[in-house]
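Chemist: Chains as they are written, first to last, in my numbering: chain A, 418 to 647; chain B, 421 to 838.
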Amino acid sequence: MESQSSLEFKKLKFSYKSPAVDKKPILEIDSFQIMKGEKVFLYGPSGCGKSTLLNLVAGVLKPTEGSIRVLGHDFDLLSSSKKDQIRGEKIGYIFQSFNLIPYLSVKENILLPLWMNKKEDTSKDNLGGILKSLNIEELQDSEVVNLSIGQQQRVAAARALVGEPQLVIADEPTSSLDKKNTLEFMELLLKKWEEKKFTLLFVSHDETLADFFEKKVSLEELNVRSGKEQ
Amino acid sequence: MIHFITLKSIKNRKFTAGLCMASIALSVVLFLGVERLRKGARDGFTNTISKTDLIVGARSGPLNLLLYTVFHMGSPTNNIHYSTYQKLKKNPMIGWTIPISLGDNYKGYRVVGTNEDFFKYYKYRGDESIKLKEGKPFKGIFDVVLGSQVAKELGHKLGDRIIISHGLSKNALYKHNESPFKITGILEKTSTPVDRGVYVSLYGIEAIHIGWETGAPNEDKLVNPETITKDDIKIAQITSFLVGAKNRILTLRLGRYIGTYEDEPLLAIIPGMALQQLWKTMGYVEQTLFLVSLCVLVVGLLGIIISLYTSINERRREMAILRSLGAGPASILGLLVYESGLLVFLGSLLGLSSLYGCLFAIGPFLESEFSLFIPIQLPDIKELTFLFSILIVGFIVGFIPAFKAYKNSLQDGLTIKV
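Here is the structure:
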């Protein structure tokens, strides 16, 4: 039977191996699940391990103990290239610093994941819709360096969504935006979520955004270790 | 897609990519340039004389015979009888001959006694013939044709009269003052020792030595140039002669025949072989140039590696972004190796075109000032091998940052701060 969870942590522990770093786990999560199609707001102050958690989800870091299942795959057991393939085909990332490639146009930046995953055939179908729904249709041939911060973040979101991923991870996507752009971005992103029903893991330290989500998770509460220390 | 992104990336970093290509181009120009100089020097030397099958002279050393006959250097140890030359000339295996008679000089330049066949049959650098820049070949006994360098250095023109010195030394004690020669022709530049020769007829050489039997002028016996005719002159000996066989296959047999000629001890050498042998004795010149080429190659390749590595390392951030979008090792490797290969290819192309530009621009200067003829021709196998090698190096060099970028992009993680 197909798993209904998009993300599943079981008895997860993670500590850095470097002798310079405390060998005690910086993340310790007994059990946590995000179901398919859920939108989850994960929050916590800087340094609480949000980036570490995201890197674990992306398969960049390996858990010291326990397991993470991402879209039904046990990332620990997958080869590097298989993880690349899953990241490319099923996961979309929206970064805090947008990470657009400056010398490519808006359209080219958005199409990158499709090119990387050899899904050029779906380009035409998906591109038009995504450009329209994120209000960047007229900017498609512009250089990304000439865009405003808000426009750049919408391009980054379009890039994350163009491949119709099953899971979207947004890492502090609004931290560079002002209030107006933040609200506009959140509305567009959640409109897209309503439309496509992908699983959304939205990570932020800005708790005012929590109202956009039904499920809110504090990483500090989730992290057994920080709970113990508190 | 790889091609598109790579081109856009190179365009975005046009300054560093341009520097990288310039560095590659410079290495290509230096290596191929030094190689062409080396080849030019060797070919210029070995092509000093061509299409001549044998050089025949009195029995001595082959190099000595080659040096005094072709390069106008050293002294002939002995002469050969003119009658011997005439007999051998009639041999059915012989197609043509050019007699050479040496012994005097004009202001340090060798005076070469020969006949009209010199203008007809002498070839250099493949199939190039001796051509007159102005005037006509010698006809009269006291006519002279100057090599281009002699005319240029001494500022002579047609109609000038020159006095030949007796002997091979520039500071000879005696001059043939009684028999001045009139310049009737000046040769075109050949960038060979021909340019440094003063050409007169065998009759001329013989005529100015009438009355000089003791090595010094005997005033009573000296000729009057106004009255002497060719019938009054009996050519007794020449120094050597060049031979063109009727059929080149016969060259060895002809050489053996001449080498064992019973009436007079003779030596016949194949000029091509002798020139190669002489070039080998001066091998240090070529070895030095080869060493320079090798140093240029090593420094050039190191330069290529460093500039490619620096250029490609700039793309670490991009690689991290691309990995987060699902780019696998093949895509990352493809992008960086393709860029590296493309930079080397374009750099090599730029280098090659710059080389041809340089050859086109300074070739005439090298030829006129250093008698170094460097033909503008397509790259040979050796040069193509070099170009192919640096292309391979370019691809290999691309693997190092590609591997690093792939590995580091994982470490950079998804919170890219590179």
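For glycine and all other residues, C-beta sits at the position ideal for the given N, C-alpha and C.
Let me know if A:Lys507 comes out buried or exposed under the rule of 16 or more other beta-carbons within 10 Å of its beta-carbon.
Modeler: Classification for A:Lys507: buried.
Chemist: So, for A:Arg576: in the same chain, excluding its five sequence neighbours on each side, which residues have a beta-carbon less than 7 Å away from its beta-carbon?
Modeler: Within the same chain, A:Arg576 has close Cβ partners Asn526, Ile527, Leu529, Pro530.
Chemist: Can you tell me the Cα-Cα spacing of B:Gly675 and B:Thr610, whole angstroms?
Modeler: If I take the Cα positions, the gap works out to 28 Å.
Chemist: Can the beta-carbon of A:Thr625 be found less than 8 Å from the beta-carbon of A:Ile451?
Modeler: In this structure, A:Ile451 does not lie closer than 8 Å to A:Thr625 by Cβ.
Chemist: Pull up the distance between the alpha-carbon of B:Leu450 and that of B:Leu717, whole angstroms please.
Modeler: For B:Leu450 and B:Leu717, the distance between alpha carbons rounds to 8 Å.
Chemist: Excluding five sequence neighbours on each side, which residues of the same chain lie with their C-beta closer than 6 Å to the C-beta of A:Met533?
Modeler: Excluding positions up to five away in sequence, the list reads Gly505.
Chemist: In three-state DSSP terms, what is B:Asp800?
Modeler: Residue state, collapsed to three classes: coil.
Chemist: Check whether the Cβ atoms of B:Pro691 and B:Val490 sit closer than 8 Å, and answer yes or no.
Modeler: Yes, these two residues count as a Cβ contact at 8 Å.
Chemist: Find the residues of chain A that neighbour B:Lys431, judging by a C-beta separation of less than 9 Å, and give them in chain order.
Modeler: Those are Tyr520, listed as they occur along chain A.
Chemist: Is the Cβ of B:Leu786 closer than 8 Å to any Cβ of chain A?
Modeler: No, B:Leu786 does not count as interfacial toward chain A.
Chemist: Could you have a look at A:Ile547 and say whether DSSP puts it in helix, strand or coil?
Modeler: Reduced to three states, the DSSP call for A:Ile547 is helix.
Chemist: Does the beta-carbon distance from A:Phe619 to A:Phe458 come in below 8 Å?
Modeler: Yes; because the gap between Cβ atoms is below 8 Å, this pair is in contact.
Chemist: Which residues of chain A have a Cβ atom closer than 9 Å to the Cβ of B:Pro741, listed in chain order?
Modeler: A small fix is needed here, since residue 741 of chain B is Ile in this sequence, not Pro. Correct list: Phe512, Asn516, Leu517, Ile518, Leu529.
Chemist: Does the beta carbon of B:Gly748 come closer than 8 Å to any beta carbon on chain A?
Modeler: For B:Gly748, the answer is yes, since a Cβ of chain A falls inside 8 Å of its Cβ.
Chemist: Going by DSSP, which residues form a beta bridge with B:Asp537?
Modeler: Bridge partners of B:Asp537: none, in fact.
Chemist: List, in chain order, every chain B residue whose beta-carbon is nearer than 7 Å to that of A:Glu534.
Modeler: One detail in the question is off: residue 534 of chain A reads as Asn in this sequence, not Glu. Correct list: Gly746.
Chemist: Compare the C-beta of A:Gln421 against all C-beta atoms of chain B and say whether one is closer than 8 Å.
Modeler: It does not: the Cβ of A:Gln421 has no partner Cβ on chain B nearer than 8 Å.
Chemist: In this structure, what does DSSP give as the bridge partners for A:His490?
Modeler: Bridge partners of A:His490: A:Val487.
Chemist: Examine the Cβ distances between the segment 587-603 of chain A and the segment 555-572 of chain A and report whether three or more of them are shorter than 8 Å.
Modeler: The answer is yes - the segment 555-572 of chain A touches the segment 587-603 of chain A, with three or more Cβ pairs under 8 Å.
Chemist: Figure out for me which residue from A:Ser559, A:Leu600, A:Asn543, A:Lys428 has the closest Cα to the Cα of A:Glu654.
Modeler: This structure cannot settle anything about residue 654 of chain A, because the visible part of chain A is limited to 418 through 647.
Chemist: Could you confirm whether any beta carbon from chain B is found closer than 8 Å to the beta carbon of A:Asp491?
Modeler: False, the Cβ-Cβ gap to chain B never drops below 8 Å.
Chemist: By the 10 Å Cβ neighbour count, where 16 or more other Cβ atoms means buried, how is A:Gln421 classified, buried or exposed?
Modeler: Burial call: exposed.
Chemist: Given this structure, state the Cα-to-Cα distance separating B:Lys559 from B:Ser621, to the nearest angstrom.
Modeler: Whole-angstrom Cα-Cα distance: 8 Å.
Chemist: Tell me whether the segment 801-816 of chain B and the segment 479-490 of chain B touch, counting them as touching only if at least three CB pairs, one residue from each stretch, are closer than 8 Å.
Modeler: The segment 801-816 of chain B vs the segment 479-490 of chain B: no contact.
Chemist: Roughly how many angstroms separate the alpha carbons of B:Phe765 and B:Ile782, rounded to a whole number?
Modeler: Rounded to whole angstroms, B:Phe765 to B:Ile782 spans 25 Å at the Cα level.
Chemist: Chain A beta carbons: is any one of them nearer than 8 Å to that of B:Lys824?
Modeler: Taking Cβ atoms only, chain A never reaches closer than 8 Å to B:Lys824, which makes this a no.
Chemist: Just how far apart, CA to CA, sit B:Gly767 and A:Glu560?
Modeler: Spanning the two alpha carbons is a distance of roughly 28 Å.
Chemist: Run through the DSSP bridge pairs and tell me what B:Ile518 is partnered with.
Modeler: The partner list for B:Ile518 (beta bridge, DSSP) reads B:Leu662.
Chemist: If I follow the unbroken beta strand (DSSP E) through A:Leu564, where does it start and stop?
Modeler: Taken as a continuous stretch (DSSP letters only), A:Leu564 belongs to no beta strand (DSSP E), as it is neither H nor E.
Chemist: Can you grab the Cα-Cα spacing for the pair B:Glu536 / B:Ala627, in whole Å?
Modeler: Rounded to the nearest angstrom, the two C-alpha atoms are 17 Å apart.
Chemist: According to the neighbour-count rule (16 or more other Cβ atoms, all chains shown, within 10 Å of its Cβ), is B:Ser599 buried or exposed?
Modeler: When all chains shown are included, B:Ser599 counts as buried.
Chemist: Short of 7 Å Cβ to Cβ, which residues in the segment 482-509 of chain A face chain B?
Modeler: Here the close residues are Ser498, Asp501, Gln502, Arg504, Gly505, Glu506.
Chemist: Go ahead and pull the three-state DSSP assignment for A:Gln450.
Modeler: A:Gln450: strand per DSSP, three-state reduction.
Chemist: Got a sec, what are the start and stop residues for the beta strand (DSSP E) B:Ile655 sits in?
Modeler: Here B:Ile655 belongs to no beta strand (DSSP E), and DSSP marks it neither H nor E.
Chemist: State the Cα-Cα distance for the pair A:Asp628 and A:Lys456, rounded to the nearest angstrom.
Modeler: Whole-angstrom Cα-Cα distance: 12 Å.
Chemist: Check whether the Cβ of B:Glu734 lies closer than 8 Å to any Cβ atom in chain A.
Modeler: No, its Cβ sits nowhere closer than 8 Å to a Cβ of chain A.
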